[in-house]
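When you number the sequence shown by the working numbering, it's gap-free, plus one each residue, and the end is 1079. Note that beta-carbon positions come from the ideal geometry of N, C-alpha and C, so glycine has one too. Some notes on the structure that comes next.
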Amino acid sequence: MRTIGVDLAAGLPGTALAEIVWAEGGARLTRLETGVDDATIVASVSGEAVWLGVDCPLGWPDAFVDFLSDHHMGSAQRPVDGGAEWRRPLVYRHTDHVVRERIGRWPLSVSTDRLGVTALRCAGLLQRLAADGFPVDRAAEGRLFEVYPGGSLRLWGFDTTGYRVDAERRAVLLDALSARTPWLDLGGFAPLAIANADAFDAVVAALATRAGALGAFAPPASEVLEVARREGWVVLPEGPVEGLAGP
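Encoded structure:
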């Protein structure tokens, strides 16, 4: 099994890709790159036993899409009051509410934060993946997952304070992660993961993708499955990080 983790950004400079190859009882980080373009991401998932995790929303809130459509057509039919409660369904997807319940904080909004620019790139990437034959879905039903590296780390019990902006914090965090995953060979890529926050998150994304591949996460409930197929679904790992090695 191979898991590919992508820390996606609107442009190439902030985009990183990690590949972890899994064997019985162990794993090896075989690739870690920054400045990655869409063609490289698409090429990385060739083959059968490969799963892809992307740190970016795979869709937008249904209510936001409907609101924009009505506004665009000049046919607004839904009551509008402009208040916080009215805005919330436009700002957050169903899966974002689940993230807040599990993590204790709201993720960035794909419809109102700068993250939306990255999501535009992601939408194009999904089209390119599908055109190349990779099975694309947004509800974590196959080999494509929406992942949240910072949230995954917190669920695994790590202190994530400041790691995105401080290389020393990343070094401490990587040491803590390595201590709990002695079966993971970093393959000489530790210096890059410490030096570059995007590379670090790509590695965590590849680990979270392993959780998705093992089914170690809560999938969307049947009553929200159709919504997740449009809006996306964040794979939040269940169980300790030690368990990713498998039996």
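Helix, strand or coil at residue i [DSSP, three-state]
i     : result
W883  : strand
V838  : strand
E978  : strand
A999  : helix
L1016 : strand
A971  : coil
G906  : coil
G858  : strand
T993  : coil
P939  : coil
S878  : coil
R986  : helix
V1059 : helix
Reference residue i; option with closest CA among the options
i     : options                     : result
A1060 : P1069, V1004 and F977       : F977
G994  : I1026, V968, L1016 and D964 : I1026
G837  : R996, R975 and D913         : R975
Y980  : D969, A963, R953 and V1035  : V1035
W854  : R919, G965 and W883         : W883
A1053 : A1040, G1071 and H926       : H926
G1047 : T866, A999, V1067 and G867  : V1067
L1005 : D1033, D1017 and G1020      : D1033
L849  : E1063, A1077 and T1041      : T1041
L985  : A951, G843 and V1073        : V1073
G1075 : V1056, L1057 and L1016      : L1016
D839  : T862, Y924, M833 and D870   : D870
F966  : V923, S907 and E880         : E880
A875  : V930, L958, E1058 and V897  : L958
E1080 : L987, D964, A971 and F896   : Because residue 1080 is not part of the residues shown, which for the chain are 833 to 1079, the question remains open.
R946  : V968, A963, V923 and V930   : V923
V897  : E1063, G1078 and P1069      : E1063
Supposed contact pair residue j and residue i - C-beta distance, whole angstroms, cut 8 Å
i    : j     : result
V893 : S943  : Looking at the sequence shown, residue 893 is not Val but Pro. Between S943 and P893 the Cβ distance is about 6 Å, and since that is below 8 Å, they are a contact.
T835 : A1045 : 6 Å
Distance, residue j Cα to residue i Cα
i     : j     : result
G989  : R910  : 42 Å
G885  : A1038 : 6 Å
P1023 : L864  : 11 Å
D928  : P939  : 6 Å
L1009 : L900  : 43 Å
A955  : G982  : 22 Å
A841  : V997  : 16 Å
G1071 : A1043 : 9 Å
D1007 : V912  : 50 Å
L890  : E856  : 31 Å
T950  : A1029 : 17 Å
R860  : H903  : 50 Å
Paired residues, beta bridge with residue i - DSSP
i     : result
P1069 : F1049
A850  : G837 and L864
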